[in-house]
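Since the structure comes first, as structure tokens, the remarks are kept for the end.
There are 2 protein chains.
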Amino acid sequence: MPTLAPETLSAEFRRCLTAVGFDAAAAVELAGIFLDNTLAGVPSHGVNRFPRFIAQVRAGHVDPTAQPERGLSLGALERWSGNGGAGPLAARRMMTRATELAGTHGVGVVALANTNHWMRGGTFAYEAAERGFFAICWTNTIALMPPWGAVTPTIGNNPLVVAVPGEPVTLVDMAMSLYSYGALERQRLAGRQLEADGGYDLDGHLTRDPAAIEASRRLLPAGLWKGSSLAIVLDMAAALMSGGLATVAITEDRPEESLISQVFLAVDLGRLVDSAERDATLARIRDHITGSTPVDPARPVRLPGHELAERIARQRRDGIEVDDAIWARIRAL
Amino acid sequence: MPTLAPETLSAEFRRCLTAVGFDAAAAVELAGIFLDNTLAGVPSHGVNRFPRFIAQVRAGHVDPTAQPERGLSLGALERWSGNGGAGPLAARRMMTRATELAGTHGVGVVALANTNHWMRGGTFAYEAAERGFFAICWTNTIALMPPWGAVTPTIGNNPLVVAVPGEPVTLVDMAMSLYSYGALERQRLAGRQLEADGGYDLDGHLTRDPAAIEASRRLLPAGLWKGSSLAIVLDMAAALMSGGLATVAITEDRPEESLISQVFLAVDLGRLVDSAERDATLARIRDHITGSTPVDPARPVRLPGHELAERIARQRRDGIEVDDAIWARIRAL
């Protein structure tokens, strides 16, 4: 498994992106996002996903020249179309637009139709929170999870992202399945079993074996009926607000997952609370939670996203371990 | 167990509410909400909770004469204080205010400090959805759940509610624990075990026995680390946006759960999509999901909230079964 410098990886990303039709600025930005996702510890939506992204551009499912376009505006809420372009570029621009609307109105919402996979939604909400905004975003997906009580996949796992500004940013980036397919892949590649039952095997038994769940495609919703229910309303809201496709249409009408729907929401928290008061409130919350008695004394309780900066810094310093087969595929693109 | 006509129940509620200081209009409205929650199949936050609510008014934790008061306004987002009044009355008024802001700006947000338990948040989002608004609301609570990886309760289970307009309204009303204490009470009173492990017993073993979890107070978060993480950011956001108390302050600074923080969000969906197109999109989503192959052929897959109207109509027609002890307590109030 080669250990690569961040710049080596992003240079390869840029080379491939330029070759499939992204202009220089878009290639730099997209390469940066794929690198950031990898540094953040989510290679399933960074380096490991990169060859598939390039294949989707080549197959015509992602248009490297498309730009998002504004539709209906209601003031603090706008509808946009991604016009089938690169999902991560549209998502960053739409989250930025939501923060601009929030700057004017206190809260801003952008509903985005006809976009593509954003890779890691946490990237965009985290950036908004770094600039002082409370941020929420969610996406629908192709049908890939059975609703609670069913064996056939008819709902998406529709990731929901929530970011709270502070030092550090608190970040939740959760698929509505207990494990995303990306998380299953990470555990399988690492040769690990899951920490909790993540779905069913082909015989219909609950299992912690990631490969068995990848085979059955019977993911367990996070919180059972709760994640299933939340996935359903997030899909309805994304499709109705954006005027774009719901999971059923993405699944039945498209050749593969494309032209999906997303929602971006920002609140201008800096106009509601000064940063000293904000940080005092957050410090008290953090101290209370990290003061909980842990189940395992070797594993103190942490807050979501608080480990991120350290993980990024460590990989920047020590390099990024990349799977041999994936690195060979990227080199051959 | 007596079976009561809805009017019998609400007349008793009105009598008690008037006796503790609510004026006639407030007593009628609050009695209606306690009745609605009971009819909706959530007696834990309807009739069963009513004696405790009256006790909280008598103890001075809920001020029957308080009115919500507006603070800072940023346009589409407003801060309000509940001034320590009845939570359900403030919540209905704040959700209505969020829909008014959405009517002007497309989206509206109200962040509410110094309020009290809203009983059942689904009531207010459902009402907004019946009037054509996509609605989200959430609340923090006193610390009552251990964060993932801990044994001591330092976070709330901070219910999140999402409602999508349509025929019928789709409604998710979920505590961030897999089971709320209200749900544990319902199952215990019915003499049932839980459908899934809901927490730990006093010996630290996962259990489906509701009474064992009520004893240990080790609720399991919905989706394990996911529900735990989401509870944390919802609390941070409610406290920072409203300027009110976070779970830690409610827990450490107050004699019992009071002066909590809530957020209400509405989107004016009727200005984004006409109702025929909306209903066609929702019908396709519903048919796809209900067409899933069920695990148990006797239990077809349903959408969240779609059973509500039938349940309410059945109880209105057949009467409401009320626990003997609870009815005796209410009669004696």
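Chains A and B supply the protein sequences, listed in that same order.
Just so you know, we're using my numbering here: the first sequence kicks off at 1 and counts up by one.
Just so you know, we're using my numbering here: the second sequence kicks off at 1 and counts up by one.
Think of the CB as a built atom: it goes at the ideal place given N, C-alpha and C, for glycine as much as any other residue.
Everything numeric in this text was worked out from a predicted model, so none of it was measured.
Name the DSSP bridge partner or partners of residue i?
| i | result |
| --- | --- |
| Ser242 (chain A) | BP columns for Ser242 (chain A) are empty, so no partner. |
| Ala266 (chain A) | A:Gly108, A:Ala135 |
| Leu230 (chain B) | Answer by DSSP bridge pairing: none, since Leu230 (chain B) is not bridged. |
| Thr369 (chain B) | For residue 369 (chain B) there is no data in the structure shown, the boundaries of chain B being 1 and 333. |
| Thr152 (chain A) | DSSP output for Thr152 (chain A) lists no bridge partner at all. |
| Glu321 (chain B) | B:Thr3 |
| Pro221 (chain A) | A:Ser177 |
| Thr115 (chain A) | A:Ile260 |
| Met145 (chain B) | B:Ile155 |
| Pro294 (chain B) | A:Ala150 |
| Thr207 (chain B) | B:Gly199 |
Span of the beta strand (DSSP E) holding residue i?
| i | result |
| --- | --- |
| Leu290 (chain B) | The displayed chain sequence assigns Thr, not Leu, to residue 290 (chain B). Here Thr290 (chain B) belongs to no beta strand (DSSP E); instead the alpha helix (DSSP H) covers 275 to 290. |
| Arg49 (chain A) | It is not in any beta strand (DSSP E) - Arg49 (chain A) carries neither H nor E in the DSSP assignment. |
Examine chain A for any beta-carbon lying closer than 7 Å to the beta-carbon of residue i, and answer yes or no.
| i | result |
| --- | --- |
| Phe133 (chain B) | no |
| Val164 (chain B) | yes |
| Thr154 (chain B) | yes |
| Met236 (chain B) | yes |
| Leu269 (chain B) | yes |
| Val161 (chain B) | no |
| Arg299 (chain B) | yes |
| Val169 (chain B) | no |
| Arg278 (chain B) | yes |
| Val248 (chain B) | yes |
| Gly198 (chain B) | no |
Any beta carbon of chain B sitting closer than 7 Å to that of residue i?
| i | result |
| --- | --- |
| His288 (chain A) | yes |
| Ser292 (chain A) | yes |
| His105 (chain A) | yes |
| Ile285 (chain A) | yes |
| Ala59 (chain A) | no |
| Pro64 (chain A) | no |
| Pro304 (chain A) | yes |
| Ala150 (chain A) | yes |
| Thr115 (chain A) | no |
| Arg254 (chain A) | no |
| Ser275 (chain A) | no |
| Thr3 (chain A) | no |
| Pro68 (chain A) | no |
Which whole-angstrom value is the C-beta distance of residue i and residue j, which I expect to be below 8 Å?
| i | j | result |
| --- | --- | --- |
| Lys226 (chain A) | Ala11 (chain B) | In fact, because the Cβ distance is near 36 Å, the residues do not count as touching under 8 Å. |
| Thr99 (chain A) | Phe134 (chain A) | That belief does not hold up - the Cβ atoms of Thr99 (chain A) and Phe134 (chain A) are roughly 10 Å apart, past 8 Å. |
| Ile142 (chain B) | Ile250 (chain B) | 5 Å |
| Ala266 (chain A) | Ala102 (chain A) | 4 Å |
| Asn158 (chain B) | Leu234 (chain B) | 5 Å |
| Ser73 (chain B) | Asn114 (chain B) | The Cβ separation is near 17 Å, so there is no contact. |
| Thr139 (chain A) | Gln315 (chain A) | Between Gln315 (chain A) and Thr139 (chain A) the Cβ distance is about 25 Å, and since that is not below 8 Å, they are no contact. |
| Ala150 (chain B) | Val295 (chain A) | 7 Å |
| Pro64 (chain B) | Val57 (chain B) | 6 Å |
| Ser44 (chain A) | Glu185 (chain A) | 5 Å |
| Leu17 (chain B) | Ala25 (chain B) | Contact doesn't hold; Cβ gap of about 11 Å is too wide. |
| Gly305 (chain B) | Val169 (chain B) | 6 Å |
Taking residue i as part of the alpha helix (DSSP H), name the residues at either end of that continuous run.
| i | result |
| --- | --- |
| Pro210 (chain B) | 210 to 216 |
| Gln315 (chain A) | 308 to 318 |
| Glu12 (chain A) | 6 to 19 |
| Glu130 (chain B) | 122 to 130 |
| Glu257 (chain A) | Element bounds for Glu257 (chain A): n/a, residue is neither H nor E. |
| Gln187 (chain B) | 181 to 189 |
| Arg331 (chain B) | 324 to 331 |
- Let me know the alpha helix (DSSP H) ranges lying completely inside the stretch 35 to 85 of chain B, each 4 residues or longer, listed in chain order. Counting only unbroken stretches of 4 or more residues, the alpha helix (DSSP H) elements lying wholly within the stretch 35 to 85 of chain B are 50 to 58, in sequence order.
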